[in-house]
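**Q** The structure under discussion is supplied below as structure tokens; questions concerning it will follow.
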Amino acid sequence: MIPGGGQPNMQQLLQQAQKMQQDLAAAQEELARTEVEGQAGGGLVKATVTGSGELRALVIDPKAVDPEDTETLADLVVAAVQAANENAQALQQQKLGPLAQGLGGGSGIPGLPF
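For any residue, its number in our numbering is found by taking its place in the sequence shown, counting from 1, and adding 1048.
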């Protein structure tokens, strides 16, 4: 409700929407540059992803490599990548959540991961 019963200032609303859009774009760019890590097997396998979920690095400790048991290594890799992606999603919520709230609650906004 506008105090005094007046009409909303459309120019002001458009400026606010444009600023929120710019803030959202800046936060998404920051997420794309920020790296987070996940690990499995007590650190035997470490995965690094960007805040937007792009896999950037995978480090496997030689102790995790057993030619007779590649299934366990594969499981560790999957677990490390999943952990890194969970950390990336938490970072997305932290960075984009407040902006999404300002855009109407965050649910149902195309392109947002939450």
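Where is the CB? At the ideal position from N, CA and C, for every residue including glycine.
This one's a predicted model, so the numbers in the text were calculated from it and none came from an experiment.
Taking buried to mean at least 16 other C-beta atoms within 10 Å of its own C-beta, is residue 1062 buried or exposed?
**A** Exposed is the call here.
**Q** What does the alpha-carbon distance come out to for the pair residue 1115 and residue 1123?
**A** Answer to the nearest angstrom: the Cα atoms are 14 angstroms apart.
**Q** Is the Cβ-Cβ distance between residue 1129 and residue 1086 less than 8 angstroms?
**A** It is a contact, given that the beta carbons lie within the stated cut-off.
**Q** Quick check: the stretch 1104-1121 against the stretch 1139-1148, are there 3 or more CB pairs under 8 angstroms?
**A** In short, these stretches do not touch, since the Cβ pair count stays below three.
**Q** At which residues does the alpha helix (DSSP H) containing residue 1072 begin and terminate?
**A** Unbroken alpha helix (DSSP H) run through residue 1072: 1058-1081.
**Q** Starting from residue 1097, follow the beta strand (DSSP E) in both directions and report where the run begins and ends.
**A** Note, residue 1097: beta strand (DSSP E), 1093-1098.
**Q** Measure how close the beta-carbons of residue 1101 and residue 1133 come, nearest whole angstrom, since I'm counting them as under 8 angstroms.
**A** Indeed they touch by this definition, with Cβ atoms about 6 angstroms apart.
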